[in-house]
Every structure is written in structure tokens, then in C-alpha cells.
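J.: The following block contains the structure, expressed as C-alpha cells.
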Amino acid sequence: MIDIVIPNNNESKFISTAVKLGYTGLVFLYDQKNRNNVNVALKLKKDEKRIKIFTAFVADKKKQMQGVDLFLTTKSDRKFLKGEFDMIYDIELNIQDTMKQRQGGLNQVLCNVMKENDVSYCISFSTALISTNRADLIGSIMQNLLLCQKYKVKIAIASFASSIYQMRNPKDLEAFVRLLGVKDSKKAMSYLDQLMAYKCKKMLLPGIEQI
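If you count the sequence shown from 1, you need to add 6 to reach my numbering.
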């Protein structure tokens, strides 16, 4: 299983904790403020033997960054979903509910765009864990999950931990996503493994087959 975490010069601690929790891979997520730290992860990717290391970058638009495996965004606007992003997360934090209905950030049109562009919807466990408005947040997440399942958008879950104490073992995350109403929780939990396997295979040079 693979998890996504948000390091702050503590990549080594995340690796040790991930190994103890039973993960086989770890995605280090960076943003514009700490983009230079990607080089730290790239070195770990080369040297680390206990666990597979991947890199990800969150932005409003996709950037050309050597060595980055995944591109994420927290925007659910249609233009972002066509911008070659791999995954969206925390979109509920950018939405204001109306008096008449709850807004989760997704609708039928956006879900169809996501499916067409192979953009997945990822749940951030740590966001729900530390939220001061947890009931409303979970309600919005559940609404988005209903839409994703109805329109066949791929679903994933990760801790997005900013400290090692926010990490959870894979079974806990799977149980959480099941409680949120995801019918195939095992598939959601293993989606990152499938995505990274696809990414690694895609990066191979033409004529070289992955064994």
C-alpha cells in the first residue's frame, strides 16, 4: 500500500513510520513554498531500500518539474480538471454552502470531465481528522463520493499527514473510507498502488518492458 504525506524537512521520520505501519510506498507531496525540497525526496528515491519513494506537487497549474511523479490540485474548476492533473483533493475547503443545499465542489459535469481526463478524487484523512467543522466537511465528502461512484470517477484515500502522528495504518484508512459510503473500499485503498505502477511503466523508455 502507498500513502501520501506532506513533509517539512522530516522525510526520514515519515519513512520510518510508514515502514512500521506496513506501507510499501510513500509519496512526498510538495508545494510552491518548499519545491526545492523535491531534491531531498529524489535522493531518497534513489537510496532508500526499505520502501518505494515517489514525489508529487500541488499547484493551480501543472508545472514542468523533473522527477515529479504526480500532480495534484485543490481546485475543482473545469479548466483545472483538463490541465493534466492526476488527482484532486481537499476541494471541499474551497466551497461555500448555500442556504438551500450543501456544496461539495463536484457535480455531474465535473465528474464527467474527471472521468474523461482520468483525474481521480482523493480523500485526505488528516483534513477530516483536524477539521474544526468535521460534520459539515464529512457531509461534503460523502456527497462527492456519491457523485464519483455514480459517474465512475476513480476514488483514492491517503493520510496527507503533515506529522507522523497523523499517519494511520492502511486498514484504518480503508475502514474510514468504507464508513464514508465507498462500496469498494479495498479498491480505493489500493488505487495509489495502481496509479504509481502505471506511472512507473509509462516513464520507461520505448522498447523497454517493465518486468
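Quick reminder that beta carbons are idealized off the backbone N, C-alpha and C, glycines included.
These numbers were taken from a predicted model, which means no experiment stands behind them.
I want to know whether the segment 187-200 touches the segment 39-53 - three or more CB-CB distances under 8 Å.
T.: no
J.: Across which residues does DSSP place Thr80 in a beta bridge pair?
T.: The secondary-structure analysis by DSSP pairs Thr80 with nothing; it has no beta-bridge partner.
J.: Using DSSP with H/G/I as helix, E/B as strand and the rest coil, what is Phe131?
T.: helix
J.: Does DSSP classify Val11 as helix, strand or coil?
T.: In the three-state reduction of the DSSP assignment, Val11 falls in the strand class.
J.: In the DSSP output, what is Leu32 paired with across the bridge?
T.: Asp9, Ile59
J.: Let's test the definition: count the other Cβ atoms within 10 Å of the Cβ of Ala203 and tell me whether it reaches 16, buried, or not, exposed.
T.: exposed
J.: Residues in the same chain with beta-carbon distance under 7 Å from Asn123, minus the five sequence neighbours each way, listed in chain order, please.
T.: Leu87, Lys88
J.: How is the alpha helix (DSSP H) around Ile147 delimited, first residue to last?
T.: 140-156
J.: Where Tyr197 and Leu179 are concerned, what is the direct C-alpha to C-alpha distance, given to the nearest angstrom?
T.: 13 Å
J.: Taking the alpha carbon of Gly73 as the reference point, which residue from Tyr29, Phe131, Val33 has its own alpha carbon closest?
T.: Val33
J.: For the putative contact between Arg56 and Val25, defined by C-beta atoms under 8 Å, what is the C-beta separation to the nearest angstrom?
T.: 5 Å
J.: Indicate the three-state DSSP secondary structure (helix, strand or coil) for Val125 in the structure shown.
T.: Assignment of Val125 by DSSP, reduced to helix, strand and coil, places it in the coil class.
J.: Taking the alpha carbon of Ser169 as the point to measure from, which residue in Met120, Leu135, Gly145 has its own alpha carbon closest?
T.: Closest by alpha carbon: Leu135.
J.: Grab the span of the alpha helix (DSSP H) containing Ile21 for me, first residue to last.
T.: Start and end: 17-27.
J.: The alpha helix (DSSP H) that contains Ala162, what's its start and end?
T.: No alpha helix (DSSP H) contains Ala162, which is instead part of the beta strand (DSSP E) from 161-164.
J.: Is there at least one non-hydrogen atom of the ligand FAD closer than 7 Å to the beta-carbon of Gly31?
T.: In the structure on display, the ligand FAD does not appear, and there are no ligands present to speak of.
J.: Assuming contact is defined by CB atoms lying nearer than 8 Å, are Ile163 and Cys117 in contact in what I supplied?
T.: No.
J.: Mind checking which residues open and close the alpha helix (DSSP H) that includes Asp178?
T.: 176-185
J.: Name the one or two DSSP bridge partners that Tyr171 has.
T.: Beta-bridge pairing links Tyr171 to no other residue.
J.: Tell me the DSSP secondary structure of Met71 in three-state form.
T.: Met71 sits in coil when the DSSP states are folded into three classes, being neither helix nor strand.
J.: Looking at Leu99 and Leu35, is the spacing between their C-beta atoms short of 8 Å?
T.: no
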